[in-house]
Each structure stands twice: as structure tokens, then as C-alpha cells.
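Enquirer: Starting off with a structure, shown below.
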Amino acid sequence: AKGLVVFIGIHQDDDSEDVAYVINKTVNLRIFNDDAGRFDLSALDLSADLLVISQFTLYGDTRRGRRPSFSHAMHPEHAATLFDRTLHSFRMTGLRVQTGQFQANMQVSIHNDGPVTIMIDSADRQRPRRG
Numbered sequence: 001a002k003g004l005v006v007f008i009g010i011h012q013d014d015d016s017e018d019v020a021y022v023i024n025k026t027v028n029l030r031i032f033n034d035d036a037g038r039f040d041l042s043a044l045d046l047s048a049d050l051l052v053i054s055q056f057t058l059y060g061d062t063r064r065g066r067r068p069s070f071s072h073a074m075h076p077e078h079a080a081t082l083f084d085r086t087l088h089s090f091r092m093t094g095l096r097v098q099t100g101q102f103q104a105n106m107q108v109s110i111h112n113d114g115p116v117t118i119m120i121d122s123a124d125r126q127r128p129r130r131g
């Protein structure tokens with residue numbers, strides 16, 4: 001069965017519009033191969049399974065010093081609510097969603113095909129394209 005491991009980092013400024021953007025991009029992005037070997041199928045096309053994991057360390061700022069700062073990550077009490085909303089929105093797409101426990105220390109094993117790893121940042125919708 002095909003599926004996606006989705007690491008969710010929640011920025012201190014994220015809101016329901018950010019959730020909607022990430023959900024839409026994640027389930028509709030054509031990142032699975034068709035019969036010709038081209039990226040032409042989405043998670044929705046394949047009824048892919050999703051493993052959704054909260055990952056505040058995605059907002060680790062390493063620009064200064066030797067220890068990352070996580071000051072841009074949303075505080076856990078607010079992030080938990082937004083993460084629950086994210087899970088609900090993923091489930092509303094009809095895809096099967098699995099998750100761990102929010103704020104838990106988990107061991108995650110991933111078999112990455114390709115490997116294909118793509119970052120979707122809701123802030124990108126407001127930035128001009130580079131290059």
C-alpha cells in the first residue's frame with residue numbers, strides 16, 4: 001500500500017488557513033508515479049494512507065550558536081488544538097489517517113521510496129517564487 005509520512009510543524013503564527021493550505025497541497029500534490037514512471041498521481045488518486053506526526057523541531061532555528069532555538073514553534077497548548085484540527089481535516093478527505101500521541105517521544109521507522117521528501121510550508125503561498 002502506498003502512503004505518506006507527514007511531519008507537521010506548527011509555527012507560532014499558523015491558523016486555520018494554514019491548515020487548509022497544507023491539507024490541500026498534501027493530498028493533491030502529484031508525487032506518486034503513474035504507469036509511465038512520471039509524478040502524476042496524488043495521495044487522493046491512490047487512496048493512500050497517511051501517518052501524521054507532530055514535529056515542533058521543524059521550526060528549529062540554527063542561525064545563531066550551536067543549539068537550535070524553537071521560539072518560532074507554537075506553544076504546545078495552542079499547537080495541540082491546531083494539530084487536532086489538522087488531523088480532522090486530513091480525515092475529512094476520506095484518506096485513512098494514523099497518528100501518534102501529541103508531544104510524545106516516539107520511535108518512528110520510515111521506508112522512504114525514492115527517496116522523495118518534499119517540504120510544504122503554508123508561508124510559501126505568500127512569498128514570490130525563487131529562481
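Sequential numbering from 1 applies to the sequence shown in this note's numbering.
Each residue gets a CB set at the ideal place from its N, CA and C atoms; glycine is no exception.
Predicted model, so just to flag it, every value in this text is computed and none were measured.
State the CB to CB distance for the pair residue 9 and residue 56, rounded to an integer number of angstroms; the pair is presumed to be in contact (CB under 8 Å).
Expert: Residue 9 sits at position 9 when you count from the first residue of the sequence shown. Residue 56 sits at position 56 when you count from the first residue of the sequence shown. About 6 Å separates the two Cβ atoms, so the contact holds.
Enquirer: Tell me which residues share the same chain as residue 138 and place their Cβ nearer than 8 Å to its Cβ, disregarding the 5 neighbours each side in the sequence.
Expert: The chain is shown only over 1 to 131; residue 138 falls outside these bounds and no answer can be derived.
Enquirer: Use the C-beta contact count for residue 16: other C-beta atoms within 10 angstroms, 16 or more gives buried, fewer gives exposed.
Expert: Reading the sequence shown from its first residue, position 16 is the one you call residue 16. So residue 16 counts as exposed.
Enquirer: Using a Cβ-Cβ cut-off of 8 Å, state whether residue 71 counts as contacting chain C.
Expert: The structure shown contains no chain C; it holds only a single protein chain.
Enquirer: Just tell me which of 36, 27 and 66 has its CA closest to the CA of residue 86.
Expert: Against the sequence shown, residue 86 aligns to sequence position 86. Of 36, 27 and 66, the residue nearest in Cα terms is 27.
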